[in-house]
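Right, one structure below, let's go through it.
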Amino acid sequence: MNMMFSSSYRCIFALLTLALCSICISPAQAESPFKNPLGNPYIQDVIEASVESEKLEDALKQIRDIKEIGPNKKLSISPFHFRKQEDSDQKQEGGVLCMQCHLNLPHQENENLRTFLNMHTQFVDCLSCHYKDNDKSIHYAWFDEKLHLISSKKGGLEISSDKVGDETEENQSLIPESKAKIHPVYRENIVTLSLDDEFSKLLEQLWKSSNEEQKAGLKLRLHTPIKEKGLKCTDCHQDKQSQLDLEALGANSKQAFGIENNVIAKFLEKANKDDKRIRLQGLLE
Amino acid sequence: MQKFRYALIILSCFMFLSPFLIIPTMLDSPDMCGKLCMRRFYLYFASMTWDDVLQQMSVASTGVMFMGLILITTLFFGRLWCGYLCPMGGLPELVSRLFNDRMKIDYRPLPQTQIRYGYFAVYVILMPSMGISACTLCNFITIPRIFEAFSGGYRGFAFLVSSVGLVNLCLLFLLGFFANKGRAYCQFMCPIGAIDGLVNRAGAHLPFSRRIRVQQERCTGCKKCAQVCMTGSIEMKDGIAIVDQFSCMSCYDCVESCEWGAIDWITKPVNYDPVRKKKGVEFFPTPEWTAVHPDHALLEKPVKLLGSMARSASFSKATNVEGSNSQESEKIEKSAVVEIEPPKKAVRKQSVEAEKGISGRSIAQFIFIFLLTGSALFFGVTQANAAARNIDPDGCLTCHALTGLDYIDADNVLRSASINEKHYYSSLHGSVPCLDCHRETRSYPHKVENTEVDCAASCHVEEPSEGKAYDHQFVVDEFSDSIHGAGWSKGFTGGNRLEEIETEANPSCRWCHSNTLYIEEHKMALFKTEMNHTDEACGNCHQGEVWRGQFGGHILRRLVGARWDKQDTVDMCVECHDNDEHLADVKQKDALSGEEHPVGKRYLGAAQSYAMTLHARLLEANVEEGASCNDCHAPTGYHHGIHEDEKPESPTHIDQLGKTCGAAGCHAYAGAKGGVRFSQTDMHDMSWLMPNPLEDWEIEDFRSSAWNWAALVLIPLSVFFLIASFYWSLFIKKKPKTIYSRWGGEKFKTMMLGMKNKAKKQAPKSAPKKSKPKPPPKAKPEPESAEKKADENKETPDMDKQKDNKPSGEQP
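So the protein sequences, as listed, match chains A and B.
Per the numbering used here, numbering through the first sequence is continuous, rising by one, with the last residue being 1077.
Per the numbering used here, numbering through the second sequence is continuous, rising by one, with the last residue being 1138.
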């Protein structure tokens, strides 16, 4: 199936708009003219998504009440404790589609977990935890910021020797490069949608030219393969049936042990379970 | 005329000098340069730009205008300020006239133009380029100070006995009181005089300018004017007086002394080319008073001179008036043919070409440097990392040491729970466990109120010398007492930064302080070069980066200097005090009524006006002699006690200023009696900010400068002079002076002055009359000759007598 991408986006755009309009009118599934040449499962899910009208109203309300996050206010009082030299960028260049709206610190409401979850966004992609795999066999791999695969020796992947920082071998970080992240992979196709992808650009155009109702529909379709509450801490940080194949990701035995028996994960599991707050002294129990 | 001049000088002494100080008492500055006088040691400073020059000129703007007035009057009338008004030159002149000439040193043989402009160039160009102002040698300081000293002013006396003052006093005596005619200071050292001289000379060729000029056809070369000239600006060239317009002060002495009416204070004479009919005979020897500067005419054009001498010699030979004099004329001719060697040109030595190529020496240097750097690198690089100090008994850092624990809170503020472990251990609070400050934090998730920090709380770190638990209570007490006292000193959480900014205008502890390293990152490089062996020497054993950061910083800070230098302090204060948005919310309490009112212009402009001062400029140029905000506003104690000026204990209170300025060894005598004026110098002078002259001009601005008042008096006077001069030159014509000829009036007139005489026309008629009645009526010629004699005797006799004596000798 050859599509002439380069020729006229207007054609596609018009057709897709038509398709979406028909969606708004009727929840019937319309055939999308956009073919998924790379076989990205996420795109496939989005294309095949059906929009339910009950959810449409909620979506519409969300669109209307959207709160603009950032740019971050720099206060005249600087923090007492030194964090790092630069402020974290709200919008990263060449990022993934999710970050266009959700930025890179998306977790806000769960007081217990938000900081830890936001911390993971440094090296774990959104879709790694939030993708509804529907029993597809997903495995995970390191990709750099342009979504090129970083290979490692183990399991067919080679990890480059650039390490971050001058830590000892014990404390060495598992992250192969400075901005590498773990992305889900399905059948050798990365699930995550990059901003450079044609589909993303199309979406951008669509979004700009849509009215509120159309936007609501689009939003729903985009979030169909997304689960709101992602994986739990212990889904990965466990030694028996972890989601992540740490060996495949290039972890040596010490690193793997540290991740599987992560103290904080255990602690937070308790903190989430019990209603009463946990005393810090009970951290290591 | 001289009495008029002396009277004017004495009047100006009254006007400008103590104890009368008529002009300066109308404002508060007896210094002729106003505010700039006090800056005379600091007129030039590091980081000076052209803007500063303009700034200084604007400070002394009325002085500059006054100077302009002087120059304009000089252009039209000659150096009247110098000769008639200036008390600094006039006073020494008057005093020197009291002494006998024998007691005085004559400077007139010296080449005054060269000395004056050479010194001026040094004064204006060389010394400023080295950062020194020569103001201290200015008579404009010395003379007022003398008067002050003798009228009971401490400042004057203190100046005179200082080393600078003594030098000035010596110069005054040598160049003033005991100089011939008393104007040697003016001649050699006065910068205003130097500029004035330039204008005087430049304007001399203009037709409307009045200068002392010589009518060269009348000058006899008697050099009386040159002897009388108080500035030594008259020289004799080729027997004719010439006035050096660089130096002439139009004092009129010469005009009054010339018996020939050859010199006068006039506009450019119509007949400029000298038409001097001179017999080839010298009436008296060539003046011994030679020209002040080498006679370039002689040097450059010997042929021309020789030609003129030859012509005059031939003329003398032709007329052969006095045979004896022909020998003299020959001698003169010979003496005029002086072989003058042209000045030798400096021979340029050929520069020695540098050796090219690699020499053995350079190879040796290379090897040496290679070994040096190689060994340094070798020792520096081979380090093993040691374990960092761990003082986290409660395990907070298990979570908090992770990077990236950020989130965005409901107010859109980036919040971060990450703590950089290494940095913390190397920081000022590196020995303090977390819970010593965050006292109530016990459970997770942390309740916000439990994480509050009170800066005055004591932590469990014991101060090593006395074993007491350390706290910041004393600082907080000083701070609470101060003008910023409403700022928070406790209750700090990670989340209430925004709230604090929005609700409180006063700074809290954390506005200015955060948990930094012992030595700031950006200064670490500098400190390391100062103590450049810590990595290798201490680091050989103590190999942990954290240890070196903490301990090294601890030690270095005490050895090399305080953590905050003065510029950092200024930057910190300026963050709020130069931020108009922030200051708009600030309210001040009126001292009397207690009412709150928004702040005034002086408060808002405090940072800007300070930035213009020398204190700030020096700090900006990394010169530690400057003064930061704290050096004046909170120099003592813990430097947090800033109070409003009106409070008696405030260091900026008017009674405390002397002590404050004198603290830290800066201005040691500011606190002494007599230093009051110094310590009351306005550090936040709003006039530096150059307000909109139309909107913000106040009458005080006018009253505050001596020059304004002087101008008020002098402008009408000069206008009057201007008008009177025009009127005089147009409508009042000067009667020509009667000429006294010494050598037989009619003949002198015809021979010397080229005036055509009626007597000459009548001569041929009278001659035959003479010859005819010679033999018979001897009686007739007698009365005639007697009449002639009588006529002639009325006029001054000499040569004509000789002529007449001959025929009369024949008579019985």
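Glycine included, every Cβ here is placed at the ideal spot set by N, Cα and C.
Partner residues on chain B for residue i, Cβ-Cβ distance less than 8 Å
{"i": "P871/A", "result": "S742, G820, R823 and S840"}
{"i": "Q914/A", "result": "T729 and G730"}
Residue i at chain C interface by Cβ criterion, 8 Å
{"i": "T1026/A", "result": "In summary, chain C is missing from the structure at hand, where the protein chains are A and B."}
Cβ neighbour criterion (16 or more within 10 Å) applied to residue i
{"i": "D911/B", "result": "exposed"}
{"i": "Q1030/A", "result": "buried"}
{"i": "T468/B", "result": "buried"}
{"i": "S285/B", "result": "No answer is possible for residue 285/B: the residues shown for chain B start at 327 and end at 1138."}
{"i": "E1077/A", "result": "Legend: pLDDT at E1077/A = 45, less than 50; position of this residue unreliable, no value from coordinates given."}
{"i": "K876/A", "result": "exposed"}
{"i": "M456/B", "result": "exposed"}
{"i": "K993/A", "result": "exposed"}
{"i": "W814/B", "result": "buried"}
{"i": "N1034/B", "result": "buried"}
{"i": "I984/A", "result": "The amino acid at residue 984/A is misidentified as Ile; the sequence shows Thr. T984/A comes out buried."}
{"i": "W376/B", "result": "exposed"}
{"i": "L1060/A", "result": "buried"}
{"i": "T907/A", "result": "buried"}
Within-8 Å CB hit, residue i to chain A
{"i": "N832/B", "result": "no"}
{"i": "R836/B", "result": "yes"}
{"i": "T724/B", "result": "yes"}
{"i": "E828/B", "result": "no"}
{"i": "L930/B", "result": "no"}
{"i": "L343/B", "result": "no"}
{"i": "V739/B", "result": "yes"}
{"i": "N776/B", "result": "no"}
Residue of the options minimising C-alpha distance to residue i
{"i": "L918/B", "options": "C580/B, E972/B and K892/B", "result": "E972/B"}
{"i": "S808/B", "options": "K794/B, L1048/B and S976/B", "result": "S976/B"}
{"i": "A812/B", "options": "S834/B, Q799/B and E792/B", "result": "S834/B"}
{"i": "R434/B", "options": "G730/B, R509/B and K927/B", "result": "R509/B"}
{"i": "C516/B", "options": "G404/B, V758/B and G502/B", "result": "G502/B"}
{"i": "S559/B", "options": "F534/B, T546/B and D579/B", "result": "D579/B"}
{"i": "K816/B", "options": "A782/B, E828/B and E825/B", "result": "A782/B"}
{"i": "K1015/B", "options": "L380/B, F1004/B and R442/B", "result": "Checking the sequence shown, residue 1015/B turns out to be Leu, not Lys. If we check each option's Cα against that of L1015/B, L380/B comes out closest."}
{"i": "G875/B", "options": "V949/B, H755/B and C955/B", "result": "H755/B"}
{"i": "W934/A", "options": "S1002/A, L1012/A, D988/A and I982/A", "result": "I982/A"}
{"i": "L1079/B", "options": "T546/B, D427/B and N956/B", "result": "T546/B"}
{"i": "N738/B", "options": "I398/B, A567/B and E825/B", "result": "E825/B"}
{"i": "R884/B", "options": "G984/B, I396/B and I845/B", "result": "I845/B"}
{"i": "I441/B", "options": "A933/B, D762/B and Q513/B", "result": "Q513/B"}
{"i": "I518/B", "options": "V787/B, C412/B and A1050/B", "result": "C412/B"}
{"i": "T729/B", "options": "H749/B, F1046/B and G991/B", "result": "H749/B"}
Residue i at chain B interface by Cβ criterion, 8 Å
{"i": "I982/A", "result": "no"}
{"i": "F991/A", "result": "no"}
{"i": "F874/A", "result": "yes"}
{"i": "Q758/A", "result": "In the structure as shown, chain A begins at 793 and stops at 1077. Residue 758/A is therefore absent and cannot be evaluated."}
{"i": "L985/A", "result": "no"}
{"i": "L998/A", "result": "no"}
{"i": "V1055/A", "result": "yes"}
Proximal chain A residues relative to residue i, where beta-carbon distance stays under 8 Å
{"i": "D732/B", "result": "S880, L897, T907, N910 and M911"}
{"i": "Y750/B", "result": "H873 and F874"}
Beta-carbon neighbours of residue i, restricted to chain B and to distances below 9 Å
{"i": "N904/A", "result": "Y770 and P771"}
Proximal residues of chain A, C-beta to C-beta of residue i below 7 Å
{"i": "L728/B", "result": "M911"}
| query | Using 8 Å as the Cβ pair cut-off and three pairs as the minimum, do the region 327-340 of chain B and the region 1048-1057 of chain A touch? | reply | no
| message | Closer than 8 Å is the cut-off here; do at least three beta carbon pairs connect the region 399-412 of chain B with the region 522-529 of chain B? | response | yes
| request: Answer yes if the region 580-591 of chain B comes into contact with the region 528-539 of chain B, meaning at least three C-beta pairs across the two stretches below 8 Å, and no otherwise. | output: At 8 Å Cβ cutoff, the stretches touch.
| said: Does the structure place the region 916-924 of chain A close enough to the region 972-991 of chain A that three or more beta carbon pairs sit under 8 Å? | reply: yes
| field | Validate contact between the region 786-805 of chain B and the region 964-971 of chain B using beta carbons, cut 8 Å, 3 pairs | value | yes
| message | Taking 8 Å as the cut-off, does the region 393-405 of chain B touch the region 477-497 of chain B (at least 3 CB pairs, one atom from each stretch)? | response | no
| query | On the three-pair Cβ rule with 8 Å, is the region 750-764 of chain B touching the region 717-725 of chain B? | reply | yes
| task | Pair every Cβ in the region 1034-1043 of chain A with every Cβ in the region 991-1008 of chain A, then say whether three or more of these pairs are closer than 8 Å. | result | Judged by pairs of C-beta atoms under 8 Å, the region 1034-1043 of chain A does not touch the region 991-1008 of chain A, as fewer than three such pairs exist.
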